[in-house]
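Quick note on numbering: the working numbering labels position 149 of the sequence shown as 210, and the sequence is numbered without any gaps. Everything on this sheet refers to the single structure shown next.
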Amino acid sequence: MVILEGGIGNYVNSKGRRFSYFGGNNYLGLANHPAVKNAVIQAVRKYGINFSASRRTSGTATIHLELENELSLFKGKEDTVVFASGYQGNSILLEILKDKYSIVLADQLAHASISAAIPRDVNKMFFNHSDAGHLDYLITHNKISNPLIITDGVFALTGEIAPLDKIFPVVRKHKGLLVVDDAHATGVLGKTGKGTPEHFNLTDAENIYQTETMSKAIGGYGGFISGSRELTQLIREKSTTYQASTALPPPVVAAGIASLKIIHENPGLRIHLLEQADRLREEILLLGFGTTGNGTPVIPLIMSSPERAKKLSLFLEDNRIIVPHLNYPSNREMNILRIAVTASHSDVQIKKLLVNLKKWIKENGKD
Ligand SMILES: Cc1ncc(COP(=O)(O)O)c(C=O)c1O
Numbered sequence: 062m063v064i065l066e067g068g069i070g071n072y073v074n075s076k077g078r079r080f081s082y083f084g085g086n087n088y089l090g091l092a093n094h095p096a097v098k099n100a101v102i103q104a105v106r107k108y109g110i111n112f113s114a115s116r117r118t119s120g121t122a123t124i125h126l127e128l129e130n131e132l133s134l135f136k137g138k139e140d141t142v143v144f145a146s147g148y149q150g151n152s153i154l155l156e157i158l159k160d161k162y163s164i165v166l167a168d169q170l171a172h173a174s175i176s177a178a179i180p181r182d183v184n185k186m187f188f189n190h191s192d193a194g195h196l197d198y199l200i201t202h203n204k205i206s207n208p209l210i211i212t213d214g215v216f217a218l219t220g221e222i223a224p225l226d227k228i229f230p231v232v233r234k235h236k237g238l239l240v241v242d243d244a245h246a247t248g249v250l251g252k253t254g255k256g257t258p259e260h261f262n263l264t265d266a267e268n269i270y271q272t273e274t275m276s277k278a279i280g281g282y283g284g285f286i287s288g289s290r291e292l293t294q295l296i297r298e299k300s301t302t303y304q305a306s307t308a309l310p311p312p313v314v315a316a317g318i319a320s321l322k323i324i325h326e327n328p329g330l331r332i333h334l335l336e337q338a339d340r341l342r343e344e345i346l347l348l349g350f351g352t353t354g355n356g357t358p359v360i361p362l363i364m365s366s367p368e369r370a371k372k373l374s375l376f377l378e379d380n381r382i383i384v385p386h387l388n389y390p391s392n393r394e395m396n397i398l399r400i401a402v403t404a405s406h407s408d409v410q411i412k413k414l415l416v417n418l419k420k421w422i423k424e425n426g427k428d
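If you want it as structure tokens, here you go:
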């Protein structure tokens, strides 16, 4: 495991050495952006580290309201609620919508935060990965009414985009609700970076909810849900997770505000990111690696065994490149290495990665 000895950017320092970095989820390169860092420093000077109170008691500050307002403008929604983490978002939403659904149907490969969010006293089923036909079959065959369907927008491990163009018609047909965990799509997908629903022109569709995070493309931290004022009021009034957590700390709030400003002023960042990702994915396929996904900056290298995956990750590390081998959740050894490309990676870095992947194949064969 890489132990970082400095911040993350195109390069990281670890074990006293410098590595080209393709880990993490810093898609727009904002996590270490000078303007974001400066805003954080100013916020710490003004507000300190922590408001040390929940939003419901005395922990709401003007900068929370400013961040929520900026997020609402970015998302084109009436209102937004921010909270401690993206992971919490699914629990918060499934908790407050509880009297609107009778069962949860989740994608088989849904993120751990989705499985963990399904309330214990609620029935659940899993549909085959990205398979709208199977989802339709499960609902019809089991005579389900009021289903809540939940999926990642972009799958964290495979970089695939959930086919909402096929899933949403099934949701609508059965008068259900659709929740999209857009942790990896916010700021990345869609004409203006609003995420997977925008990618499929479903921004204004009724009964679609998104749970989102500022910890990936938006260079900060913390989860958020945007929507109607009725929805945000429900969260503020009913969610115990929201009410009983300490408010987002000032440096984190300031990072979110500063990042959103950069995203707003530089739409080219997202376009460049997706172009880089498309080029890299194409080259990786040409080299003969197995990969999945399309049109996202998450590019897995699928190896024939966990051992081969670990070996390739170490091979790259020996050549001063970090591409992590994934071994979570639950310490499960998987046969995937995940390349996360960012808008700020240079051509030189990408070329060096490809040269080394080619060298690996020459020395170790294809999988
Ligand atoms: C699909 C998905 N949802 C939620 C999360 C959790 O977001 P956060 O790290 O902001 O808690 C992650 C990853 O971290 C994720 O990949």
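The beta-carbon is built from N, C-alpha and C at its ideal position, and this holds for glycine as well.
Does the distance from the C-beta atom of A315 to that of I124 stay below 9 angstroms? Against the sequence shown, residue 315 aligns to sequence position 254. Against the sequence shown, residue 124 aligns to sequence position 63. Yes. Within cutoff.
Contacting residues, own chain, Cβ-Cβ under 7 angstroms from A278 (five flanking each side not counted): Your numbering for residue 278 matches position 217 in the sequence shown. Only Y88, L89, T247, G248 and V249 meet the Cβ criterion.
Cut-off 6 angstroms between Cβ atoms - residues of its own chain near G284, not counting five sequence neighbours on either side: Here residue 284 is taken as the residue at index 223 of the sequence shown, counted from 1. Here the set comprises F144, S146, G147, Q149, G150 and T274.
Is DSSP giving F376 helix, strand or coil here? Start at 1 with the first residue of the sequence shown, and residue 376 comes out as number 315. Looking at F376 - three-state DSSP - the assignment turns out to be helix.
Note the first and the last residue of the continuous beta strand (DSSP E) segment covering N74. To locate residue 74, count along the sequence shown from 1; it is residue 13. From DSSP, the beta strand (DSSP E) with N74 extends over Y72 to S75.
Residues with a Cβ closer than 5 angstroms to any heavy atom of ligand 1, in chain order? Taken from the N-terminal end onward, the list reads S146, G147, Y148, H172, S174, D213, A217, D242, A244, T274 and S276.
Neighbour-count burial assignment, V409, 16 or more Cβ in a 10 Å radius: One-based indexing of the sequence shown puts residue 409 at position 348. Answer is exposed; the Cβ neighbour count stays below 16.
Check whether the Cβ atoms of Y303 and I153 lie closer than 9 angstroms to each other. Here residue 303 corresponds to residue number 242 of the sequence shown, with the count starting at 1. Here residue 153 corresponds to residue number 92 of the sequence shown, with the count starting at 1. In this structure, I153 lies closer than 9 angstroms to Y303 by Cβ.
CA nearest to the CA of L418, picked from M395, A401, L362 and T253: In the sequence shown, the residue the question calls residue 418 occupies position 357. Closest option to L418, Cα to Cα, is L362.
Would you report the Cα separation of S318 and G251, rounded to the nearest angstrom? The residue given as residue 318 occupies position 257 in the sequence shown. The residue given as residue 251 occupies position 190 in the sequence shown. Looking at the sequence itself, residue 318 is Ile, so the reference to Ser does not match. For I318 and G251, the distance between alpha carbons rounds to 21 angstroms.
Cβ-Cβ separation, L341 to V402 (assumed contact under 8 angstroms), whole Å: Taking the sequence shown and counting its residues from 1, one reaches residue 402 at position 341. Taking the sequence shown and counting its residues from 1, one reaches residue 341 at position 280. Contact holds; Cβ gap of about 5 angstroms.
Is there contact here, the segment 230-249 with the segment 258-270, by at least three beta-carbon pairs under 8 angstroms? Result yes; three or more Cβ-Cβ pairs closer than 8 angstroms.
Quick one: what's got a C-beta closer than 7 angstroms to K427's C-beta in the same chain, skipping five residues either side? Counting from 1 along the sequence shown, the entry for residue 427 is found at position 366. Counting only Cβ-Cβ distances below 7 angstroms, and skipping sequence neighbours, we find G349.
Assigned secondary structure, I2 (DSSP; H/G/I helix, E/B strand, else coil): No statement about residue 2 is possible, as the shown extent of the chain runs from 62 to 428 and does not include it.
Cα-Cα separation, G353 to L91: The count along the sequence shown starts at 1 and reaches residue 353 at position 292. The count along the sequence shown starts at 1 and reaches residue 91 at position 30. The question names Gly, yet the displayed sequence has Thr at residue 353. Roughly 26 angstroms between the two C-alpha positions.
Using alpha carbons as the reference points, say which of R297, P358, P367 and H333 lies closest to T118. Here residue 118 refers to the residue found at position 57 when the sequence shown is read from its first residue. Comparing Cα-Cα distances from T118 to each of R297, P358, P367 and H333, the minimum goes to R297.
Give a yes or no on whether the C-beta atoms belonging to Y162 and V183 are separated by under 9 angstroms. Within the sequence shown, residue 162 is the residue found at index 101, counting from 1. Within the sequence shown, residue 183 is the residue found at index 122, counting from 1. A contact, by the Cβ cut-off of 9 angstroms.
Let me make sure I understand the geometry here. Which of P312, H325, G137 and E221 has the alpha-carbon closest to that of K98? By one-based count along the sequence shown, residue 98 stands at place 37. Considering only alpha carbons, the answer is P312.
What whole-angstrom Cβ distance do G137 and V359 have, given they're in contact under 8 angstroms? Start at 1 with the first residue of the sequence shown, and residue 137 comes out as number 76. Start at 1 with the first residue of the sequence shown, and residue 359 comes out as number 298. In fact, because the Cβ distance is near 25 angstroms, the residues do not count as touching under 8 angstroms.
Across which residues does DSSP place A401 in a beta bridge pair? Mapped onto the sequence shown, residue 401 falls at position 340. Assignment of beta-bridge partners to A401 by DSSP yields V359.
Tell me which same chain residues have a C-beta within less than 8 angstroms of the C-beta of N111, skipping the five on either side of it? Residue mapping note: residue 111 aligns to position 50 of the sequence shown, counting from 1. Correct list, in chain order: T307, P310 and P311.
Length at least 4, wholly inside the segment 235-318: the alpha helix (DSSP H) runs in chain order: 257-260, 290-299 and 301-304
Please go through the segment 119-168 and give each complete beta strand (DSSP E) segment of 3 or more residues, from N-terminal end onward. 140-144 and 164-168
A114: buried (16+ other C-beta within 10 angstroms of its C-beta) or exposed? Taking the sequence shown and counting its residues from 1, one reaches residue 114 at position 53. The residue is exposed, with fewer than 16 neighbouring Cβ atoms inside 10 Å.
If you draw a straight line from the alpha carbon of S374 to that of R79, how long is it in whole angstroms? Along the sequence shown, read from residue 1 onward, the residue named residue 374 stands at position 313. Along the sequence shown, read from residue 1 onward, the residue named residue 79 stands at position 18. In a straight line, the C-alpha of S374 is about 16 angstroms away from that of R79.
How close, in whole Å, do the beta carbons of D242 and D213 come, if the pair is a contact with beta carbons under 8 angstroms? Position 181 of the sequence shown, counted from the first residue, corresponds to residue 242. Position 152 of the sequence shown, counted from the first residue, corresponds to residue 213. With a Cβ gap of about 5 angstroms, D242 and D213 count as contacting.
S206, DSSP secondary structure in three states: Here residue 206 corresponds to residue number 145 of the sequence shown, with the count starting at 1. Of the three classes helix, strand and coil, the one that applies to S206 here is coil, per DSSP.
Residue of G254, A305 and I286 minimising C-alpha distance to E326: By one-based count along the sequence shown, residue 326 stands at place 265. It is G254.
Below 8 angstroms on the Cβ atoms is my guess for I382 versus S81; work out the distance and round it to an integer in Å. Working through the sequence shown from its first residue, we reach residue 382 at position 321. Working through the sequence shown from its first residue, we reach residue 81 at position 20. So it is a contact: roughly 5 angstroms between Cβ atoms.
Would the beta-carbon of L398 fall within 9 angstroms of that of L414? On the sequence shown, position 337 is the one that residue 398 refers to. On the sequence shown, position 353 is the one that residue 414 refers to. Not in contact: L398 and L414 (Cβ atoms no closer than 9 angstroms).
Span of the alpha helix (DSSP H) holding R78? One-based indexing of the sequence shown puts residue 78 at position 17. R78 -> not in any alpha helix (DSSP H); beta strand (DSSP E) instead, spanning R78 to Y82.
Ignore the nearest five residues each way along the sequence and tell me which others in N380's own chain have a CB closer than 7 angstroms to its CB. For this step, residue 380 is matched to residue 319 along the sequence shown. Closer than 7 angstroms at the Cβ level, and outside the excluded window around N380, lie N417.
In terms of residue numbering, what span does the alpha helix (DSSP H) encompassing N417 cover? Counting from one through the sequence shown, the residue named residue 417 turns up at place 356. D408 to N425 is the extent of the alpha helix (DSSP H) around N417.
Buried or exposed: which applies to A173, given that a residue is buried once 16 or more other Cβ atoms fall within 10 Å of its Cβ? As a first step, residue 173 is located in the sequence shown; it is residue number 112 there, counting from the start. Its Cβ having fewer than 16 others within 10 Å, A173 is exposed.
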